Structure formats: structure tokens, C-alpha cells
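**Student:** Below is a structure I'd like to ask you about.
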Amino acid sequence: MTDKNLTPDIDPAAIDDEKSADKAVKKLREAVRYHNYRYYVLDDPVISDSQYDELFENLKILEDKYDLATDDSPTRKVGGEPREELGTVSHPLPMQSLKAVYDEKGVRDFAATCVKELGHNEVEYVVEPKYDGLSIEIIYEEGLLTTAATRGDGTTGEEVTANVRTIRSVPLSLLEDQGESVPSRLVVRGEIYMRLDEFNRLNRDRLVNNEQPFANPRNAAAGSVRQLDPGITEKRPLHLFLYVIAQCEGRDFTTHWEMLQALPRWGLPVNSKMQVLTRDIEEVLGYHQKLSTTRDDLNYEIDGVVIKVNDLSEQQKLGTRQRDPRWALAFKFPPRSSTTVVKDIQANVGRTGTLTPVALLEPVKIGGVEVSRASLHNMNLIEEKDIRIGDTVLVERAGDVIPYVVKSIKDRRDGSEKKFTMPDHCPSCGGDIMVSQDKKNSRCTNMNCPAQLKERIQHFASTRALDIDGLGDKRAAQLVEKDMVKWLPDLFRLGKEDFLKLPGYADKSAENLADALRQSRKTSLDRFIYALGILHVGEHMAGVLASKYQDLDQLMEADKEELQNIPEIGPEVAGAIVTFFSEEHNRKALEEMKNSGLELENPLFRGQGERPLEGLKFVFTGSLKKWTREEAKKTVESQGGRATSSVSRETDDVVVGPGAGSKLEQARKLNVKVLSEDEFQELLEMKKD
Ligand code: IVH
Numbered sequence: 009m010t011d012k013n014l015t016p017d018i019d020p021a022a023i024d025d026e027k028s029a030d031k032a033v034k035k036l037r038e039a040v041r042y043h044n045y046r047y048y049v050l051d052d053p054v055i056s057d058s059q060y061d062e063l064f065e066n067l068k069i070l071e072d073k074y075d076l077a078t079d080d081s082p083t084r085k086v087g088g089e090p091r092e093e094l095g096t097v098s099h100p101l102p103m104q105s106l107k108a109v110y111d112e113k114g115v116r117d118f119a120a121t122c123v124k125e126l127g128h129n130e131v132e133y134v135v136e137p138k139y140d141g142l143s144i145e146i147i148y149e150e151g152l153l154t155t156a157a158t159r160g161d162g163t164t165g166e167e168v169t170a171n172v173r174t175i176r177s178v179p180l181s182l183l184e185d186q187g188e189s190v191p192s193r194l195v196v197r198g199e200i201y202m203r204l205d206e207f208n209r210l211n212r213d214r215l216v217n218n219e220q221p222f223a224n225p226r227n228a229a230a231g232s233v234r235q236l237d238p239g240i241t242e243k244r245p246l247h248l249f250l251y252v253i254a255q256c257e258g259r260d261f262t263t264h265w266e267m268l269q270a271l272p273r274w275g276l277p278v279n280s281k282m283q284v285l286t287r288d289i290e291e292v293l294g295y296h297q298k299l300s301t302t303r304d305d306l307n308y309e310i311d312g313v314v315i316k317v318n319d320l321s322e323q324q325k326l327g328t329r330q331r332d333p334r335w336a337l338a339f340k341f342p343p344r345s346s347t348t349v350v351k352d353i354q355a356n357v358g359r360t361g362t363l364t365p366v367a368l369l370e371p372v373k374i375g376g377v378e379v380s381r382a383s384l385h386n387m388n389l390i391e392e393k394d395i396r397i398g399d400t401v402l403v404e405r406a407g408d409v410i411p412y413v414v415k416s417i418k419d420r421r422d423g424s425e426k427k428f429t430m431p432d433h434c435p436s437c438g439g440d441i442m443v444s445q446d447k448k449n450s451r452c453t454n455m456n457c458p459a460q461l462k463e464r465i466q467h468f469a470s471t472r473a474l475d476i477d478g479l480g481d482k483r484a485a486q487l488v489e490k491d492m493v494k495w496l497p498d499l500f501r502l503g504k505e506d507f508l509k510l511p512g513y514a515d516k517s518a519e520n521l522a523d524a525l526r527q528s529r530k531t532s533l534d535r536f537i538y539a540l541g542i543l544h545v546g547e548h549m550a551g552v553l554a555s556k557y558q559d560l561d562q563l564m565e566a567d568k569e570e571l572q573n574i575p576e577i578g579p580e581v582a583g584a585i586v587t588f589f590s591e592e593h594n595r596k597a598l599e600e601m602k603n604s605g606l607e608l609e610n611p612l613f614r615g616q617g618e619r620p621l622e623g624l625k626f627v628f629t630g631s632l633k634k635w636t637r638e639e640a641k642k643t644v645e646s647q648g649g650r651a652t653s654s655v656s657r658e659t660d661d662v663v664v665g666p667g668a669g670s671k672l673e674q675a676r677k678l679n680v681k682v683l684s685e686d687e688f689q690e691l692l693e694m695k696k697d
């Protein structure tokens, strides 16, 4: 399908002959099918829910008016085709959808129909939030969870039992309700969702790991449940609200309200705080009004309220249509998405130097909040969605979630739009930019970049780096804010008098920090390399480099090829090291530090060829007398060996001190060689010769 007819702009009221109706219906069907596929199969919709609802509604109006409905029309079906790789489950009863309305008139019409059909005006309703997640059916047999399935096309869903079993709020067995035995068969339905704080955290982690973020919590929940590997589902923060019992053998209910009360007694999760039983349609409207203004205070997404006739025999009497029941209605909230124009795209430098493209938008109100910026996350996302400066875009904003650009609307282009390219120098400091191999991420490599300085100082001073006592996060921030540190070398020039000018320092604390800074200038090469915060160079890698290069100058001159000759260093790491040391600002800063009395010793240096422990794996356990655990580890690593924390068949030697416990036992069990500290020292001597 071409992008032009993703959202065909068809107004049913403007169509007045059968031929154009037929043409319009075909276009709308094609579009609705495509969006079903994006939403249900790919979990990656490209239009907002309200846009979808509009297409669907227009299609239905035309089909009804011109009698054009066919059996294969998407208006006859619920949802999408099941994902093939997952097994399928036939639902014992169809899983239907809900008719949606967006205004009070729609609700009053619904109530009027109920009153008319049921023949009395005391109809009782249950009103609940409409949870925005993934619908799920869960079956318990003799109290045990046996099957879980997605809605799929309403008749057949995907089998996701193993995945759903990993969700903590889903009980694997039912509790007995006040001594009564559990139903022999219970089929419940509800919505799996992700909380907003957990969703934001998940997306942050995904970005750090170079994975595309999820557009919204619903997609995240759906994508997490529809996994082939339950191990992945298990790691995702998922929750469940149940909203109906579809079948229950061994217990009769007369109302929907009774069902909702029974669920928690079996240990099944419902959102009991948010259900109302009422005969007053004004109260229904008030509930909707109240929730629409307080939905942002919730830690999960809801997109409307669901109104259900309470009495089950009345539900039966009202019956159902093709895809939705006549006894229930969704009264949706106004859409939380809107179109606006991308005025510009800027690269923002984060605290760790990562450049994030941000769309500057023509300000637009979405869900009551003015939105003027939206993160575009990374270059890949911009390219995949082909978002250009000047484009009209669809922007979505969920509760506490940062605004998200869903797509650009290509048929609004007039040719003046411009493609965005990442700057090749940092917009904050002009430093060199390093692009990751997969081209997804760009990072400023200047360790003095003001946007990164606070974070850099914190890392520089941390225990495993230069271990500058008294220079914690707050004090680091203060030094930057008061302009006392403009780049890292300034740290080595600060004295007691400088600190005394700042709030929060007394004579003693100022002196202590000045001392700590003075002492930190004398350190080991491996600590100093680690302190520089070079991308991909953690403590272990810093040790590897120090064992290979006698001093900082040697390391600074190493080229990529030479670095890649070191067994543990691949092209990405070598590239990061070379880029870091060739960056103009970094070279200047290192020169400046040397002039301020930086003194580096290198006890780890073994030279280029000497790796006597190459390929050997050690585990240290018990309290060692001659070394700290950390020193022993570094010694091993500097000579090409590895020190790990758990004993396995791959371990070559376990070095034990007094008090060794389970690791020693494990070593004996696996027949791994056990050495005393003396024996370990002998081994080192022997290997040296
Ligand atoms: S009742 C026959 N109650 O909305 C209708 N559905 O758009 C059974 N949903 O498929 C559904 N919250 O996945 C019901 N409180 C609620 C709901 C709810 C969310 C979902 C459900 C349904 C979809 C229809």
C-alpha cells in the first residue's frame, strides 16, 4: 500500500452515488486492513487510535448505507490475524470488540436504546475504566491456569500460556473462595498493561542498548506478551486487570457486578477502586468527565470508560451485533494525539555525550498539555519514519510519557522539507563526534564538553577511578555551576581557598578536599585511563591497556590496527580509543594535567608480548592475606588471565584463603584445581620465567 492512502480522506456525507461509495469502501477497507495488520500483528501502529476509529466508522457508515458489507470486510472482524509462529487457540466464545463513541450524545443514544429494548427505565449500569493494553483470555481448569490467549481475530487467538505464566500478578492457581471449591472451569478476560513509570524505564534501557523504544505502553505490553521466548516476557514489567468472566462452571451469576466481586476472592486482579454501579446516566457522564481530567494521575493508561448493562439476563436480551455487543459501550476520551509541523530538528547533548535528535514543533495542545518538543531518539528512527524538517507529523502523548512522533504525513509535503543530518561536531562544545558502527548513535568525545562536565567529574573522582574523597555528585555539580571547573584539568588547580568561597565548606572539609585532589594527581595508569571515561573502556579494559602500554604517551600514539592486535580489543573499542586520544580538546586537557603535576605509575605493565596467564581463568575466594581481591584480580588480568566470581568447569584454578566456603566446595565437586595463596604466587613466579 502506498503512503498516500494510509488514511484516505473520505467524508461519507459527501458521497451520494453507489459507484463512488463502492470506490470509497474499497479504499477504506484496504486502509483498515493495513492498520489492523500494523496494530495487531506488528504491534507497530502508524496512525493514532482516533484516526483508526474514524476510518472504521466511515467504512461502516458507507457499507450500511449502500448495503456493501461483505463477509470478508474488516467491519465484520475483530482484531487481526494471529501471529503464525505462536500456536493458536479457539476461543470458547468469541472475543468481541466494543462500539466506541466520543461524545455524550453517543452515550445518551445508547442508554435510550437499552431503555427501549428492555422496556423499563431503571436500567442499571456498571462503569469501568477502559484499560489501554492487550486483551487476554485466561482459562483455569480445576483451579489451575491451563491456557492463555490473545484476542487474535476474535475467534482464534494466539497461544501465549507460557508467556502469561511469567506475569507476577497472574496466579497460576485459584484461591478457594470462603471454603467453597474453585470452579471446575473458569474463563476470564482482561487487559495486560504496563505501568507508565516502568514503561519509561524500559524505553530508557532500550535506547541505551541501541534498541528502538516502544511508541506507547500498549505496544510495549503487546510486544512483550507476543514473544516466542517467555524468558523475554518474564523480564518485562507486566500487570493485569480482569474485566469479565466469560464462562464459569460451578457458580452462577446474575449480574456483571457480582462477577467483578468474585474475581479477587479467587486471587484474580481487578481494578476494584474504579467501578461504579449506577442507574443514573448523568452519573455515568460525570464518571467519564472526572476520569478524563484525572487520568494523568494514574500510573497506567486508560483511553475511556466502558459502560455495561449490569443484569446478565438483560445483556442476553439485548444481544450482540457482528463484532460488538449491544449491552456495552466504550465512551472514549478525546484523542491524545494531534498533527503539527516540525519547525526544526536539533541535536541535544546528553550528560553522557550522546546526541539525541529532538523535533522542535509548532506548539500544539495534546490532552490539555502544550507540546513543543518531541524526542526523535536516534538517526535510525528518523530514517525509518522519514521525518523531515517542515513535515506535518502526528504526535502522540500518553500520560506521563514523553511525546512521541508517530509518523510524518507524506501527502502534506510541498517539496520544501529538508532532511536532517547529525552535526559532525558537538553543538555544545564543537568536539569531535563518534558514530557507532551500527550508525544508530552519535556521541561527543570531548571529555571537557560542558554538557557532560558534571557527569565526567563524578566519574573521574569515583572510587574506582581517582578515588577523590569528598568530591561526590553534589560537590561536582556545585563546582561546575559556580564556574570553578570549566574543564577537567581545573580540578588539579583548585586549592583550599577556592573551596572556602563556596557554601557548605568549613576549614577542615576544604582542606581535606584540597588534599584529596593533590594526592589524586599521583595514581596508576590503569585507574587514570578508566577515569577518562572513554566509551567502551571500563575497568577491565583499562587494565588490559595499562598492561600493554608503558605510559600514557605510548597509548595516545597507538593506532587502530595496533590496538586491535590486542586479543580482547575489537574494532569498536579500538575506534573509540583512537577517536578519544585524537580529539583536540582531549589532547589539550591531558597536556594541561601533565603540567599540573599528574604522575602516573604503571605496576601492571607487562609489555607487548608478555601474557603468561593468557587463556587461564581464576576464581579467588576466602580472605586473602597478601592481596586484596581487587589487586589479585588486576594482577591476573595484567598478565592476560581472567578473574571471575563463580566456579565452573571452565575455571582453571581456584585460589583460596581462610574461610573459603561454597566456592571451594564447588571446585572440589567439579575437580577444579585448588591453590593456596603461596601456591598461586609460585605459579606467577614460574610463569614469569
Ligand atoms: S469489556 C464484549 N471492559 O477494549 C466486550 N473491555 O475496544 C468485552 N477493554 O476488547 C470487553 N477495558 O480489550 C471491557 N473495562 C473493560 C475494558 C475493555 C479495556 C478493551 C478490551 C476490548 C476492547 C474493545
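The working numbering applies: residue 9 is where the sequence shown begins, and numbers increase by one. Even glycine gets a Cβ: it sits at the ideal position worked out from N, Cα and C. Please read all numbers here as calculations on a predicted model, not as lab measurements.
1) May I have all residues whose beta carbon comes closer than 5 Å to any heavy atom of the ligand IVH, sorted in chain order?
2) When the Cα atoms are used, what is the spatial distance from residue 402 to residue 56?
3) Decide if residue 120 is buried, meaning its Cβ has at least 16 other Cβ atoms within 10 Å, or exposed.
4) Tell me the rounded alpha-carbon separation between residue 544 and residue 581.
5) How far does the alpha helix (DSSP H) with residue 254 in it reach, from first residue to last?
6) Determine the DSSP secondary structure at residue 486, reduced to helix, strand or coil.
7) Could you tell me which uninterrupted beta strand (DSSP E) segments, each at least 3 residues in length, are contained entirely in the region 88–150, listed from first to last along the chain?
8) Exposed or buried, which one is residue 9 when buried takes at least 16 other CB atoms within 10 Å?
9) Let me check one thing: in DSSP terms, what residues is residue 354 bridge-paired to?
10) Run through the DSSP bridge pairs and tell me what residue 400 is partnered with.
11) Just mark residue 555 as buried or exposed, buried being the case when its beta carbon has 16 or more other beta carbons within 10 Å.
12) Quick check on residue 216: buried or exposed, where buried means 16 or more other Cβ atoms within 10 Å of its Cβ?
13) If you draw a straight line from the C-alpha of residue 286 to the C-alpha of residue 449, how long is it?
14) Who are the near neighbours of residue 61 in its chain, counting only those whose CB is closer than 6 Å to its CB and skipping five residues on each side?
15) Taking its Cβ as the centre, do 16 or more other Cβ atoms sit within 10 Å of residue 1, making it buried, or is it exposed?
16) First and last residue of the alpha helix (DSSP H) that includes residue 60?
17) Please state whether DSSP places residue 433 in a helix, a strand or coil.
18) Assuming residue 257 contacts residue 140 (C-beta within less than 8 Å), just tell me the rounded distance between them.
19) Could you pull out every residue in the same chain whose Cβ sits closer than 7 Å to the Cβ of residue 316, ignoring the five residues on either side in sequence?
20) For residue 473 and residue 539, which I take to be in contact (beta-carbon distance under 8 Å), what is that distance rounded to the nearest angstrom?
21) When the Cα atoms are used, what is the spatial distance from residue 322 to residue 261?
22) Within the same chain, show all residues whose beta-carbon is closer than 7 Å to that of residue 33, passing over the 5 residues directly before and after it, in chain order.
23) Ignore the nearest five residues each way along the sequence and tell me which others in residue 267's own chain have a CB closer than 6 Å to its CB.
24) Looking at C-alpha atoms only, which residue of 609, 660 and 634 is the closest neighbour of residue 627?
25) Just tell me which of 14, 338 and 138 has its CA closest to the CA of residue 36.
26) Thinking C-alpha only, which one of 634, 653, 331 and 679 is nearest residue 686?
27) Here's the rule: buried if 16 or more other CB atoms are within 10 angstroms of the residue's CB, otherwise exposed. What is residue 406?
28) Within the continuous alpha helix (DSSP H) that includes residue 595, where are the two ends?
29) Helix, strand or coil for residue 463, going by three-state DSSP, please let me know.
30) What whole-angstrom Cβ distance do residue 379 and residue 369 have, given they're in contact under 8 Å?
31) Determine the burial state of residue 455: buried for a count of at least 16 other Cβ atoms within 10 Å of its Cβ, exposed for fewer.
32) Measuring alpha carbon to alpha carbon, tell me which of 600, 194, 467 and 567 ends up nearest residue 541.
33) Taking just the CA atoms, how far does residue 574 sit from residue 464?
34) I'd like to confirm the pairing. Which residues does DSSP put opposite residue 442 in its beta bridges?
35) Looking only at its own chain, which residues have a Cβ that is under 7 Å from the Cβ of residue 610, when we skip the five neighbours before and after it?
36) Decide if residue 429 is buried, meaning its Cβ has at least 16 other Cβ atoms within 10 Å, or exposed.
**Tutor:** Taking the structure as given:
1) 104, 105, 106, 136, 138, 139, 143, 199, 251, 314 and 333
2) Translated into positions along the sequence shown, residue 402 becomes position 394. Translated into positions along the sequence shown, residue 56 becomes position 48. Roughly 8 Å between the two C-alpha positions.
3) Residue numbering aside, residue 120 sits at position 112 when the sequence shown is read from its first letter. Residue 120 is exposed by the Cβ-count criterion.
4) Start at 1 with the first residue of the sequence shown, and residue 544 comes out as number 536. Start at 1 with the first residue of the sequence shown, and residue 581 comes out as number 573. Their backbone Cα atoms lie some 6 Å apart in a straight line.
5) For the purposes of this step, residue 254 is taken as the residue at position 246 of the sequence shown. Per DSSP, residue 254 belongs to no alpha helix (DSSP H); it is in the beta strand (DSSP E), 247–257.
6) Here residue 486 refers to the residue found at position 478 of the sequence shown. The answer is helix: DSSP assigns residue 486 an H, G or I state.
7) The qualifying runs are 96–98, 133–139 and 142–149.
8) Sequence index remark: in the sequence shown, residue 9 carries index 1 (1-based). Because residue 9 carries a pLDDT of 49, less than 50, the predicted location of this residue cannot be relied on, and no value is offered for it.
9) On the sequence shown, position 346 is the one that residue 354 refers to. Note: residue 354 sits in a beta bridge opposite 366.
10) For this step, residue 400 is matched to residue 392 along the sequence shown. According to DSSP, which records beta bridges pairwise, residue 400 is partnered with 349.
11) Here the question's residue 555 lines up with position 547 in the sequence shown. Looking at its Cβ environment, which holds 16 or more other Cβ atoms inside 10 Å, residue 555 is buried.
12) Here residue 216 refers to the residue found at position 208 when the sequence shown is read from its first residue. Exposed, by the Cβ-count rule.
13) In the sequence shown, counting from the first residue as 1, residue 286 sits at position 278. In the sequence shown, counting from the first residue as 1, residue 449 sits at position 441. Spanning the two alpha carbons is a distance of roughly 54 Å.
14) By one-based count along the sequence shown, residue 61 stands at place 53. Excluding positions up to five away in sequence, the list reads 108.
15) Residue 1 is absent from the structure shown; the chain starts at 9 and stops at 697.
16) Residue numbering aside, residue 60 sits at position 52 when the sequence shown is read from its first letter. Run containing residue 60: 57–73, per the alpha helix (DSSP H) assignment.
17) For the purposes of this step, residue 433 is identified with residue 425 of the sequence shown, where counting begins at 1. Residue 433: strand per DSSP, three-state reduction.
18) Your numbering for residue 257 matches position 249 in the sequence shown. Your numbering for residue 140 matches position 132 in the sequence shown. That pair is no contact at about 31 Å.
19) Along the sequence shown, read from residue 1 onward, the residue named residue 316 stands at position 308. Result list for residue 316: 133, 134, 264, 335 and 336, in chain order.
20) Stepping through the sequence shown from its first residue, residue 473 is reached at position 465. Stepping through the sequence shown from its first residue, residue 539 is reached at position 531. Their Cβ separation, rounded to whole angstroms, is 4 Å, which keeps residue 473 and residue 539 in contact under 8 Å.
21) In the sequence shown, counting from the first residue as 1, residue 322 sits at position 314. In the sequence shown, counting from the first residue as 1, residue 261 sits at position 253. Cα to Cα, the separation comes out at about 13 Å.
22) As a first step, residue 33 must be located in the sequence shown, where it is residue number 25. So the list reads 67, 70, 71 and 76, once near-sequence residues are dropped.
23) Numbered from 1 along the sequence shown, position 259 holds the residue referred to as residue 267. The answer, listed in chain order, is 253 and 261.
24) Sequence index remark: in the sequence shown, residue 627 carries index 619 (1-based). Cα-wise, what sits closest to residue 627 is 660.
25) Within the sequence shown, the letter at position 28 stands for residue 36. When each option's Cα is compared against that of residue 36, the closest is 14.
26) The count along the sequence shown starts at 1 and reaches residue 686 at position 678. Here the closest residue by C-alpha is 634.
27) By 1-based counting over the sequence shown, the position of residue 406 is 398. Residue 406 comes out buried.
28) To locate residue 595, count along the sequence shown from 1; it is residue 587. Its alpha helix (DSSP H) spans residues 592–603.
29) Residue 463 sits at position 455 when you count from the first residue of the sequence shown. Of the three classes helix, strand and coil, the one that applies to residue 463 here is helix, per DSSP.
30) Numbered from its first residue, the sequence shown carries residue 379 at position 371. Numbered from its first residue, the sequence shown carries residue 369 at position 361. Rounded, the Cβ-Cβ distance is 6 Å, consistent with contact.
31) Position 447 of the sequence shown, counted from the start, is the residue given in the question as residue 455. Looking at its Cβ environment, which holds 16 or more other Cβ atoms inside 10 Å, residue 455 is buried.
32) Residue mapping note: residue 541 aligns to position 533 of the sequence shown, counting from 1. Minimum Cα distance to residue 541 is reached at 467.
33) Reading the sequence shown from its first residue, position 456 is the one you call residue 464. Reading the sequence shown from its first residue, position 566 is the one you call residue 574. Approximately 27 Å between the Cα atoms of the pair.
34) For the purposes of this step, residue 442 is taken as the residue at position 434 of the sequence shown. Residue 442 pairs with 451.
35) For the purposes of this step, residue 610 is identified with residue 602 of the sequence shown, where counting begins at 1. Excluding residues up to 5 positions away in sequence, 532, 533, 554, 558 and 559 lie with their Cβ nearer than 7 Å to the Cβ of residue 610 in the same chain.
36) Counting from 1 along the sequence shown, the entry for residue 429 is found at position 421. Sixteen is the threshold: since fewer than 16 other Cβ atoms of the shown chains lie within 10 Å of the Cβ of residue 429, the residue is exposed.
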